[in-house]
Amino acid sequence: MIKLILCRIFTLPLILFGVAAFTFTLVALSPFDPIRAYVGAETGVSKATKAEIAREWGLDQPPLQQFFTWLGHIVKGDLGNSRLVAGRPVLEVIGSRLGPSVALVGCAFIAVLIGGLILGTFAVMFRDSWFDWCVRSIGYVMTAAPSFWVALLLLQVFAVQLRWLPAGGTNDLRAPTSGTLDLRYWILPVLTLAVTQQSWFTLFVRNSLLEISREDYVQFSRAHGMDELAVLFRHALPNALLPFATLIGSHLGELMAGSILVETIFDWPGLGNLAQRAGLSADLPLLLGITLLGSFFVIAGNLLADLLYRVLDPRIREPLE
Amino acid sequence: MKFIINEYPSVAEQTRRGILHRVPLRVAVAAVGILILGFLALGAYFIRPVDARSVDLQRVLNAPSFGHPFGTDEVGRDLGIRLLHGLRVSFAISILAAIVAILIGGLAGLVAGTLGHWVDSLFMRIVDFVSSQNHLLLGILLVVLFRPIMGGAAAIVLSVGMTHWTTMARIVRGELLSLRERPFISAAINGGANRLRLGWRHYLPHLLPSMGLGLVLLVPHAIFHESALSFLGLGLPPHQASLGNILADGRRSLLAGAWWTSFFPGGLIFIVVLGIGTVGEYLRDLLSPRWRSELEL
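Chains as they are written, first to last, in this note's numbering: chain A, 1 to 321; chain B, 1 to 297.
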């Protein structure tokens with residue numbers, strides 16, 4: 001088991017190297033000209049100035065050397081300098097934005113888990129009732145609802161019409177000393193992310209539970225006269241949730257994709273908002289840094305899910321050791 | 001002598017008996033709705049083009065009324081007409097993007113499946129990498145890289161195409177691997193068919209149905225991706241109104257109290273994605289039930 005963990009952890013940098021090589025090749029092969037994007041439409045910039053910018057950014061070097069310079073920055077941990085947004089090391093810029101993003105995605109994830117468990121379990125308990133029908137139909141319909149639309153609808157209702165909640169940001173500008181953790185600012189972003197990701201997990205819980213309830217051991221427990229609720233919570237639910245362990249990684253990826261849109265709408269000071277601004281100003285080092293960090297999260301999430309699965313499910317633990 | 005008794009008619013037989021009698025209501029509604037919307041979007045181009053003449057500063061941000069059932073936008077254009085034009089642009093870009101994705105995926109799957117060995121493992125590693133990436137983030141990177149040269153529309157097509165091809169590549173490769181074991185393939189090889197002929201004459205006709213189905217299933221994803229990028233300001237230029245652009249415009253008027261400029265564009269994206277998705281999923285279950293688990297796009 002420990003050997004396996006070590007082995008997986010040692011392959012992590014290798015995969016990240018692959019990701020870095022892939023994205024760098026993509027950038028090198030594309031016809032993108034960073035200096036032109038920086039200078040813009042201004043024609044008054046002389047060739048000498050452009051050459052100076054190129055030297056400053058290391059763009060006059062051959063691509064392979066540029067790649068190794070960048071790798072050096074990655075190993076050193078600063079990921080190179082951001083070009084347009086701040087002119088500071090990329091990691092510093094990302095680091096200051098990481099906390100709010102992780103908090104937002106984490107809250108939404110917990111909301112999705114709780115909501116999905118409750119709705120999915122009730123849908124199975126009252127199978128084929130109107131409640132089950134509602135959960136299924138709403139779940140099916142909501143998979144198509146774009147998160148940016150849901151965000152705007154919630155804004156319209158709660159911020160513009162009812163004026164109950166603030167429209168964006170993280171704290172009150174008129175009273176900046178009122179504390180940084182004003183929970184009213186969290187409700188709409190978390191709600192948007194949770195609502196748009198909810199249906200997927202709810203339907204997963206429902207289908208998985210239904211499948212498990214046809215298993216022999218569930219029937220057997222019932223035949224023994226075990227209480228229906230006890231069967232559900234002791235035998236069916238833990239086993240139904242088992243496959244979810246493998247999906248955590250990809251699901252967190254989905255949440256992060258959603259957070260790009262939601263953070264932009266609510267002006268949340270997180271990574272998604274940063275990614276959008278880096279894209280708008282064509283700040284490649286920053287964008288590459290965020291991409292690298294994103295794949296790191298997905299890989300680490302998958303690794304974690306894999307190990308978790310081994311801990312949770314004894315059936316697959318044995319043969320691999 | 002009959003060893004196998006067919007109790008149930010085959011899928012082909014069922015299809016011949018009249019598919020229309022068994023189509024669920026929601027699928028029928030979705031299909032008709034999408035067709036109507038498609039015709040309206042095409043027709044809007046001929047009825048009333050959106051240009052400088054449709055700007056009317058007397059009617060800025062009018063609420064929905066009899067004259068303008070969907071209201072007017074921030075420069076007084078009729079939102080309904082504008083939405084139909086946006087729908088046409090969005091449809092065109094997403095269908096094109098889905099075709100690009102299918103072509104890239106099909107080609108990658110074909111190469112990996114026929115050449116095998118290290119090419120196969122290399123391609124599959126790339127597939128693993130791309131599918132593990134955050135599609136929207138990678139899409140933003142691609143748009144940034146290619147927009148200055150290709151323009152917004154082509155960059156979006158490329159961005160969607162290059163992030164959504166992996167499922168198709170996996171499916172094509174899988175089908176190829178199972179096809180390879182079939183007797184008619186060894187017959188063709190023994191008959192002297194070279195790789196090109198094998199691919200074109202024997203593999204491709206078997207792959208076309210799944211590729212067509214993949215196309216239908218990808219279109220909603222492409223619409224979502226396109227509108228998300230345009231909404232973030234990383235897509236089409238403002239004068240080419242797509243659904244995402246119109247929604248981004250509407251967002252500006254939201255705090256001024258105009259709900260219709262964001263409600264209707266987003267609602268249209270929602271309806272279109274839901275409709276095409278419903279039809280696509282129905283077709284998928286009809287044509288190949290074993291895809292159900294494989295193609296969770």
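A virtual CB, placed ideally from N, CA and C, is assigned to each residue, including glycine. None of these values were measured; they are calculated from a predicted model.
Residue 192/A has a beta carbon lying at 8 angstroms or more from every beta carbon in chain B. Of all residues in the segment 257-268 of chain A, those with a C-beta nearer than 8 angstroms to a C-beta of chain B are 257, 260, 261, 264 and 265, reading in chain order. Taking 8 angstroms as the threshold, the shortest C-beta distance from residue 22/A to chain B falls below it.
In this structure, the beta-carbon distance from residue 218/B to residue 164/B falls below 8 angstroms. The Cβ atoms of residue 262/B and residue 244/B lie no closer than 8 angstroms to each other.
In the structure shown, residue 166/A falls within a coil segment according to DSSP collapsed to helix, strand and coil. Cβ-Cβ distances below 7 angstroms link residue 64/B to 70, 71 and 260 in the same chain, with the five nearest sequence neighbours on each side left out; the list follows chain order.
Between the alpha carbons of residue 271/B and residue 284/B lies a gap of roughly 20 angstroms.
Straight-line measurement puts the Cα of residue 223/B at about 15 angstroms from the Cα of residue 214/B. Judged by DSSP in its simplified three-state form, residue 205/B adopts helix. By the CB criterion at 8 angstroms, residue 86/B and residue 176/B fall outside the cutoff. As computed with DSSP, residue 114/B is found in no beta bridge at all. When the beta-carbon positions are compared, residue 275/A and residue 140/B come within less than 8 angstroms of each other. Within its own chain, no residue has a Cβ closer than 6 angstroms to the Cβ of residue 13/A once the five positions on either side in sequence are excluded.
Taking every protein chain shown into account, the CB of residue 249/B has 16 or more other CB atoms within 10 angstroms, so this residue is buried.
Ranked by Cα distance from residue 154/A, the first of 281/B, 25/B and 266/B is 266/B. For a Cβ distance threshold of 7 angstroms, residue set 251, 254, 262 and 266 of chain B lies close to residue 152/A, ordered along the chain. Assignment of beta-bridge partners to residue 72/B by DSSP yields 78/B. Residues of the same chain with a CB within less than 6 angstroms of the CB of residue 288/A, apart from the 5 flanking positions on each side, are 23 in chain order. Spanning the alpha carbons of residue 123/A and residue 279/A requires a straight line of approximately 42 angstroms. Listed in chain order, the beta strand (DSSP E) runs fully inside the segment 81-148 of chain A amount to none, counting runs of at least 3 residues. The contact set of residue 135/B on chain A, defined by CB atoms closer than 8 angstroms, consists of 257 in chain order. Taking the Cα of residue 5/A as reference, the smallest distance to any Cα among 306/A, 198/A and 315/A is reached at 306/A. Among the CB atoms of chain B, none fall inside 8 angstroms of the CB of residue 314/A. Taking a cut-off of 8 angstroms for Cβ pairs, the segment 208-223 of chain A and the segment 247-258 of chain A do not touch, as fewer than three such pairs fall below it. When Cβ-Cβ separations below 8 angstroms define contact, residue 144/B makes contact with chain A.
Between the segment 101-117 of chain A and the segment 252-271 of chain A there are three or more C-beta pairs closer than 8 angstroms, enough to call the two in contact.
With contacts defined as CB atoms closer than 8 angstroms, residue 158/B and residue 168/B fail to qualify as a contacting pair. In this structure residue 243/A is exposed. Its beta-carbon is surrounded by fewer than 16 other beta-carbon atoms within 10 angstroms. For the options 276/B, 281/B, 287/B and 286/B, the alpha carbon positioned closest to that of residue 31/B is the one of 276/B. Three or more beta-carbon pairs separated by less than 8 angstroms link the segment 199-214 of chain B to the segment 179-187 of chain B, which places the two stretches in contact.
Every alpha helix (DSSP H) of 4 residues or more that sits fully in the segment 179-263 of chain B is shown, in chain order, as 183-190, 204-231 and 243-254.
Here DSSP, grouped into helix, strand and coil, assigns residue 226/A to coil. In the three-state reduction of the DSSP assignment, residue 31/A falls in the coil class. Contact note: residue 94/B does not reach chain A at a C-beta cutoff of 9 angstroms; the least C-beta distance is about 13 angstroms. Cβ contact annotation for residue 150/A (same chain, cutoff 7 angstroms, sequence separation greater than five): 192, 195 and 196, in chain order.
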